[in-house]
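The block underneath contains the structure these notes are about, expressed in structure tokens.
Protein chains in written order, with this note's numbering: chain A, 51 to 650; chain B, 51 to 650.
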């Protein structure tokens with residue numbers, strides 16, 4: 051089908067859809083969808099992150115939201131394209147609150163998937179060059195006792211949190227906190243970021259020495275300020291650290307380093323939080339209206355309680371506290387776990403001359419980094435994609451356009467291809483006794499990451515060490531005990547050890563809510579992350595979106611921001627707009643809050 | 051004429067030109083130019099910055115350079131365009147050393163102006179995403195005693211200048227030094243930047259409080275890392291300071307802050323410099339092969355020796371040492387000078403409640419900032435230009451395509467339009483007694499800047515204060531004497547003064563060579579900056595390029611880098627390539643070094 055036909059098809063559908071919505075005819079609108087269609091909405095209709103699954107759910111949502119959303123001006127953006135009977139198109143629309151952008155898939159004249167997103171709030175658009183609203187920078191004319199940019203900035207910084215309260219307080223200044231803070235800054239929402247580390251970027255700097263990002267550069271840009279064109283494909287941790295430090299500075303983020311959040315309490319009457327922080331030794335009470343936990347999508351380190359740990363005379367630590375292998379030449383090192391950190395740490399120890407044993411507790415996904423680049427990221431996040439005109443924004447929205455329900459089905463062929471292409475690799479890994487899979491249901495790394503935030507290794511070399519036997523492999527569901535200079539597995543085997551690293555992952559994110567606020571609030575909010583896919587570590591009913599992430603929770607004015615750099619970039623937009631809308635008193639009726647099925 | 055015809059015309063010309071050059075037929079090649087044509091070459095043919103004026107000069111240059119340059123593969127880039135009988139086109143070509151880009155103007159089938167530039171060196175292209183050569187960042191596989199990015203960086207930093215000598219030493223870490231250092235870093239040329247300020251950006255931070263850039267944001271991007279889209283039009287000085295500090299960090303520039311250059315001597319036998327620096331109290335001897343002075347296109351402050359200065363009981367300082375007006379409410383302040391700094395300082399003093407007198411010594415160009423934005427920068431450096439697809443690179447090369455000889459003629463109509471549009475403003479300024487012009491020959495600000503680096507005020511409000519009499523105005527060629535609490539002009543008038551600010555400009559740039567190296571070298575090199583336009587402060591024979599800037603000088607291995615942010619960005623490319631070529635031993639025969647007509 052040629053472009054003109056595709057465009058015509060989409061425009062006709064949009065006309066019908068727009069007309070039905072304008073008339074308030076939700077039945078007619080829903081009839082334009084397939085019976086099992088998906089409509090994913092990022093705050094444009096629902097003021098929620100919500101995937102409606104099926105025509106009935108779509109009709110119900112429209113019934114509830116249409117009167118306040120008042121969408122109009124639906125139009126095709128660029129050219130539509132038809133492949134294998136599916137017509138895809140980018141679309142624009144307006145709502146009562148702002149400007150929307152979306153993505154549409156049509157089959158046989160009906161909508162199969164629809165993505166709607168709110169991109170900016172009418173009247174509160176960010177000031178940019180693109181919309182001719184940069185600040186001038188200099189104030190022309192005569193201004194008595196003119197203050198300089200620096201003086202105003204220093205005054206603002208000195209007052210915020212003391213003479214003036216921030217509207218938002220973000221706990222955690224990694225990529226998630228910074229991306230959100232940058233967007234809030236641009237939207238004129240007074241915000242403080244607190245972090246126990248001294249400087250932005252220290253969150254990365256303090257991790258193990260050999261750490262590099264496992265995601266490639268095209269996936270990792272922060273909002274507003276992309277990496278320059280020579281940035282390495284996989285950023286070393288300290289380089290990302292420097293970038294984030296610079297980012298916080300030039301984006302003028304109010305970052306309180308060396309600041310520990312001691313506790314937070316929601317004051318229902320005042321409609322604000324009371325948060326106590328220790329700012330480099332000074333106790334400060336803050337009263338933000340909103341509290342955002344950006345403490346990492348991983349919660350606190352998961353340290354299993356192993357009998358006998360106290361009598362161990364070597365070094366025992368969680369992977370988050372392990373920095374590098376340089377002291378362990380000739381030493382016996384045991385790493386419990388078989389995901390990314392475990393592999394990286396094993397390889398590093400081996401390179402420094404240690405005798406390394408990995409204890410695998412359950413199967414992990416393993417995919418070679420090159421194969422992932424080629425097949426999984428390549429189409430949207432690669433140099434080829436950049437050349438094909440796929441900007442970061444387009445790539446992010448294209449990812450967002452895939453309903454989570456369909457993701458396994460769409461991802462499986464990618465991993466089947468990888469399995470075939472790397473057959474020799476997988477056979478060798480299997481022969482070495484490593485238990486691998488490509489996702490419980492074959493859905494691969496990305497789906498597994500969304501379900502449980504872990505469970506895989508992106509191979510940059512450690513797998514070969516396992517294949518070669520350079521890293522010894524043991525299997526055990528758990529460690530039965532730790533002895534004076536060894537550990538005993540639950541299968542009875544004793545392994546001598548000078549160092550034991552527990553690469554045993556992290557607890558759920560609402561652990562942080564429990565620690566910083568209260569058990570009660572953590573329970574009220576329920577589990578964070580995960581979809582309810584009925585796979586391991588992702589229990590509970592299907593929700594169709596990540597639980598509690600970037601959207602309203604059952605605790606008023608409490609939000610969770612987290613994830614990798616891509617998610618920090620993409621979802622911070624919608625979280626920032628939700629906060630800005632509330633600051634400006636724009637109505638934000640949240641459609642169909644999810645029930646809390648899981649506590650922690 | 052339609053595009054196809056224009057393209058055809060350019061392709062035909064390029065074919066003829068390319069064929070003649072390949073045959074070594076310089077006569078035939080020269081015959082393709084108009085009798086009074088201009089060929090501006092930025093190191094592609096001449097390893098110099100050189101404008102050949104007229105067919106004979108072009109033929110002579112080709113005669114001398116063709117055998118080593120061996121240009122080929124001339125081709126049209128994009129579409130040509132014909133306006134008023136002039137066909138303009140972007141072109142690509144190759145030389146023996148690298149990849150070239152250029153710009154062509156044809157009239158009646160002959161070349162009127164040609165720009166040729168070398169954009170990169172064959173075999174030494176920068177590693178970028180665009181050419182699929184980013185570094186990987188992580189080293190896959192097994193690497194014994196692997197060092198991290200940070201460890202390698204810290205080792206390199208610790209060794210450079212002590213265990214390993216830099217190939218280049220840049221004195222001065224403002225935008226010029228940093229832009230050049232960033233390019234050299236990308237080209238793997240070991241380089242140290244020394245600056246007496248503690249941190250990058252301090253060069254701006256320490257200037258007077260109210261300073262903002264007078265050039266708009268589109269003109270000011272640094273290489274590789276453009277400002278984000280919300281950056282203000284006119285950056286406040288401290289904001290630029292922060293940006294430059296960040297820039298030095300993320301571009302991994304070896305910046306030695308708090309480091310004073312004590313002296314430099316060229317060792318002819320060794321073919322390197324011996325430079326002594328004081329690095330935060332430690333004396334370090336460096337032996338770079340090349341020495342680049344990036345100490346500001348302005349030289350040292352020009353402080354006139356005024357009789358009686360010693361007996362003045364108020365404060366007397368050069369504009370570079372004046373920080374702000376906050377202490378001068380009710381005080382009598384006299385500012386000598388009538389260019390940018392003088393106006394900014396007068397306005398700032400007035401705003402703080404001082405009684406301000408400006409002493410105008412000679413006529414200045416005054417143009418309203420808005421008018422300059424609209425008429426002078428707008429076509430190439432503006433949001434509209436960005437929307438029209440004019441990237442920073444395109445804009446810079448378009449500017450470079452204008453032969454300096456033609457610039458006054460091409461600029462005059464712009465300023466005539468401004469004069470007409472702002473007639474009321476200029477009439478009022480004249481009525482207030484302010485002596486203004488629009489360049490001695492009407493050529494405006496940019497031409498004047500290239501001739502003498504000063505001589506104008508871009509009005510952001512102070513002119514109205516002069517018109518209103520809020521800033522008093524005096525005229526005098528010079529100050530005859532300074533008294534206990536006043537000054538006496540050469541016309542005999544005495545003006546009471548608590549503060550005297552000498553906004554008397556800066557000496558020529560080779561003052562720095564005299565101070566840091568020797569009088570002898572400063573004289574050997576001769577005057578820096580200026581074209582020889584036979585206008586005030588730009589004496590000497592016509593050179594057609596800026597004297598000694600960004601190109602070889604008569605002192606081996608001594609270079610000057612300077613200018614505004616645009617020049618720092620644009621010309622650093624050619625200076626970096628000249629240095630890289632020398633580092634790699636690529637032949638760089640310099641065509642037609644300019645004679646030294648002016649000492650200092």
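Virtual Cβ for every residue (Gly too), placed ideally from N, Cα, C.
- Each of A:100, A:81, A:68 was checked against the Cα of residue 593 (chain A), and the nearest Cα belongs to A:100.
- Annotation: the continuous beta strand (DSSP E) that includes residue 333 (chain B) extends over 332 to 336.
- Scanning chain B for C-beta atoms nearer than 9 Å to the C-beta of residue 285 (chain A) yields 187, 188, 199, reported in chain order.
- Residue 110 (chain A) and residue 525 (chain A) have their C-alpha atoms spaced approximately 50 Å apart.
- Per DSSP, residue 601 (chain B) lies in no alpha helix (DSSP H) segment and is marked neither H nor E.
- Between the segment 279 to 290 of chain B and the segment 179 to 187 of chain A, the count of Cβ pairs shorter than 8 Å is three or higher; the stretches touch.
- Among the CB atoms of chain B, one or more fall inside 8 Å of the CB of residue 260 (chain A).
- Per DSSP, residue 304 (chain A) lies in no alpha helix (DSSP H) and is assigned neither H nor E.
- At a cut-off of 8 Å between beta carbons, residue 296 (chain B) contacts chain A.
- In the structure shown, residue 60 (chain A) adopts helical secondary structure according to DSSP, grouped into three states.
- Contact between residue 316 (chain A) and residue 605 (chain A) holds, since their C-beta atoms are separated by about 7 Å, short of 8 Å.
- Taken in chain order, the complete alpha helix (DSSP H) segments of 4 or more residues contained in the segment 479 to 539 of chain A are 494 to 502, 512 to 517.
- Distances from the CA of residue 419 (chain B) to each of B:508, B:221, B:235, B:198 were compared; the closest alpha carbon is that of B:508.
- Measuring C-alpha to C-alpha distances from residue 608 (chain A) to each of A:318, A:423, A:487 identifies A:318 as the nearest.
- Residue 384 (chain B) sits close to residue 545 (chain B), with the two beta carbons spaced by under 8 Å.
- At a cut-off of 8 Å between beta carbons, residue 275 (chain B) contacts chain A.
- Residue 457 (chain A): member of the alpha helix (DSSP H) spanning 457 to 471, first to last residue.
- In the DSSP assignment, residue 367 (chain B) falls within the unbroken beta strand (DSSP E) covering 365 to 368.
- Residue 394 (chain A) and residue 400 (chain A) have their C-alpha atoms spaced approximately 10 Å apart.
- With a threshold of 16 other beta carbon atoms within 10 Å, residue 380 (chain B) falls short and is exposed.
- Rounded to whole angstroms, the gap between the alpha carbons of residue 529 (chain A) and residue 412 (chain A) is 13 Å.
- Around the C-beta of residue 295 (chain B), 16 or more other C-beta atoms lie within 10 Å, and the residue is accordingly described as buried.
- Annotation: residue 582 (chain B) to residue 513 (chain B) spans about 30 Å, alpha carbon to alpha carbon.
- Judged by DSSP in its simplified three-state form, residue 422 (chain A) adopts helix.
- Per the coordinates, the alpha-carbon of residue 533 (chain A) lies some 13 Å from the alpha-carbon of residue 542 (chain A).
- For residue 279 (chain B), the nearest CB of chain A lies under 8 Å from its own CB, placing it at the interface with that chain.
- Residue 100 (chain B): not part of any alpha helix (DSSP H); member of the beta strand (DSSP E) spanning 99 to 103, first to last residue.
- For the pair residue 351 (chain A) and residue 370 (chain A), the Cα-to-Cα distance works out to about 7 Å.
- Residue 544 (chain A) has A:538 as its beta-bridge partners, per DSSP.
- In the same chain as residue 373 (chain B), and ignoring 5 residues on each side of it, the C-beta atoms closer than 7 Å to its own belong to 258, 259, in chain order.
- Sorting B:643, B:573, B:591, B:587 by C-alpha distance to the C-alpha of residue 600 (chain B) places B:643 at the top.
- Only those residues of the segment 573 to 586 of chain A whose C-beta falls short of 7 Å from the nearest C-beta of chain B would be listed, and there are none.
- Counting only the Cα atoms, residue 425 (chain B) lies some 13 Å from residue 493 (chain B).
- At least one CB of chain A lies nearer than 8 Å to the CB of residue 195 (chain B).
- For residue 433 (chain A), the nearest CB of chain B lies under 8 Å from its own CB, placing it at the interface with that chain.
- Scanning chain A for C-beta atoms nearer than 8 Å to the C-beta of residue 256 (chain B) yields nothing, as the closest lies near 12 Å away.
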